[in-house]
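Here's the structure we're looking at; comments come further down.
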Amino acid sequence: MNGRVIRKCLFCSNTVFQDVFEYTAPPERETDFGFGASRSYHRKIIVCSICGHYYSTHQMDLNVLYSGNYANATYHNKEGMLQTFERIIQLTPEKSDNTGRCNRIESFLRQRNPERNADSYKILDVGSGLGVFPYAMSKRGYQVTALDPDARAVQHIREHINIPVICGNFFEVTPPESYDVISFNKVLEHVDDPIAMLRRALTFLKKDGVFYIELPDGEMAKNEGAEREEFFIDHLHIFSFISISLLALKANLNTLIAERLREPSSKFTLRAFLIKENCE
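The opening position of the sequence shown corresponds to residue 95 in our numbering, with each subsequent residue numbered one higher.
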């Protein structure tokens with residue numbers, strides 16, 4: 095990705111934007127991808143004047159973010175991946191974003207169908223990374239399949255979690271079955287066209303299935319300034335309450351529930367449960 099210029103909002107088609115933050119060096123806690131040293135670092139966060147959706151714009155080569163270097167920069171090596179995984183799964187419930195996520199999904203499914211058992215649900219987790227979420231849901235009895243484009247993440251999941259896992263680009267692979275739940279946990283903000291990603295996922299969501307999505311909340315994060323992780327370089331999109339609803343609408347989905355929260359890690363998050371149109 096060599097530069098990113100936004101001329102029209104993906105969600106509301108507005109063409110008027112305002113500058114929010116400008117960066118000439120990486121924020122303090124941003125993962126070091128090699129920018130700001132031998133490479134020039136300059137980017138902006140802009141906001142749509144109608145729907146309040148935030149975009150990251152720049153003239154940099156961000157291909158490093160979409161290669162194996164992403165895992166290298168974040169976890170360093172296989173041992174680093176395992177250590178990070180073990181640290182996260184050992185967090186106490188009150189300190190764990192993932193425990194809150196699993197509890198919320200399980201509560202939703204029980205309310206929607208009180209008679210149904212966990213082991214009857216098939217879940218596809220897109221962009222599983224270390225596999226923390228699929229690990230936790232499989233421990234609760236759900237049938238979970240992980241999907242990730244990074245071969246090392248997939249190897250880590252196979253070796254340490256022992257659940258079905260698919261390795262490949264989401265837009266190119268075809269999962270072998272349909273799913274009751276498809277989850278995108280902090281994934282859609284990393285892709286240029288999250289609407290296309292949801293539309294693609296519709297093809298292997300069961301008729302009465304549900305999407306669970308989590309996205310960074312730009313409206314709340316903005317109040318705490320430019321150093322917030324929601325605005326880090328790997329986030330192409332940072333959502334508003336309006337734009338998460340428009341995302342569903344553009345993908346031919348209905349929003350059952352949309353919520354905002356601040357997670358134990360301090361992340362500002364928007365989450366939603368989405369279903370196919372004309373389904374309840």
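For glycine and all other residues, C-beta sits at the position ideal for the given N, C-alpha and C.
Small disclaimer: the values here were computed from a predicted structure and weren't measured.
From Ile332, Pro270, Ser337, pick the residue whose C-alpha is nearest to that of lysine 138; which is it?
-> Minimum Cα-Cα distance from lysine 138 among the listed residues Ile332, Pro270, Ser337 corresponds to Ile332.
Where alanine 352 and leucine 104 are concerned, what is the direct C-alpha to C-alpha distance, given to the nearest angstrom?
-> Alanine 352 and leucine 104 have their C-alpha atoms some 20 Å from each other.
Round the Cβ separation of leucine 299 and serine 272 to the nearest angstrom and send it over; I've been treating them as touching at under 8 Å.
-> 7 Å
Between which two residues does the alpha helix (DSSP H) harbouring glutamate 253 extend?
-> 245 to 254
Glutamine 184: first and last residue of the uninterrupted beta strand (DSSP E) it sits in = According to the DSSP assignment, glutamine 184 belongs to no beta strand (DSSP E), since it is labelled neither H nor E.
Strand pairing of proline 310, partner residues [DSSP] = Among the bridge pairs identified by DSSP, proline 310 is matched with Thr363.
If we ignore side chains and look at the alpha-carbon of each, how far apart do arginine 365 and glutamine 153 end up?
-> Their backbone Cα atoms lie some 30 Å apart in a straight line.
Give the straight-line distance between the Cα atoms of leucine 340 and glutamate 180, rounded to the nearest whole angstrom.
-> 37 Å
Candidates Pro228, Lys280, Gly194, of which the one nearest glutamate 357 by Cα | Gly194
Proximity winner among Phe326, Gln237, Asp191, relative to aspartate 126 (alpha-carbon distances) | Phe326
Selected residue, minimal CA-CA separation from isoleucine 307, among Asp155, Leu218, Tyr236 = Leu218
Going by other Cβ atoms of all chains shown within 10 Å of its Cβ, with 16 needed for buried, is alanine 240 buried or exposed?
-> buried
With 16 as the cutoff for other CB atoms within 10 Å, does alanine 315 come out buried or exposed?
-> buried
Sufficient close CB pairs (3 or more, under 8 Å) joining the stretch 140 to 155 to the stretch 188 to 203 = Two segments are said to touch when three or more pairs of C-beta atoms, one from each, lie closer than 8 Å; by this definition the stretch 140 to 155 does not touch the stretch 188 to 203.
Could you check the C-alpha separation between leucine 136 and asparagine 372 for me, to the nearest Å?
-> The identity of residue 136 in the sequence shown is histidine, whereas the question assumes leucine. Their backbone Cα atoms lie some 45 Å apart in a straight line.
Where do the ends of the alpha helix (DSSP H) carrying leucine 347 lie?
-> Per DSSP, leucine 347 belongs to no alpha helix (DSSP H); it is in the beta strand (DSSP E), 347 to 356.
Quick one: is serine 337 buried, meaning 16 or more other Cβ sit within 10 Å of its Cβ, or exposed?
-> Buried, since its Cβ has 16 or more Cβ neighbours within 10 Å.
Buried or exposed (CB count within 10 angstroms, at least 16 for buried), threonine 118 = exposed
Limits of the beta strand (DSSP E) - the one that cysteine 196 falls within | Taken as a continuous stretch (DSSP letters only), cysteine 196 belongs to no beta strand (DSSP E), being part of the alpha helix (DSSP H) at 191 to 206.
With DSSP as the reference, label serine 232 as helix, strand or coil.
-> Annotated three-state conformation of serine 232 is helix, per DSSP.
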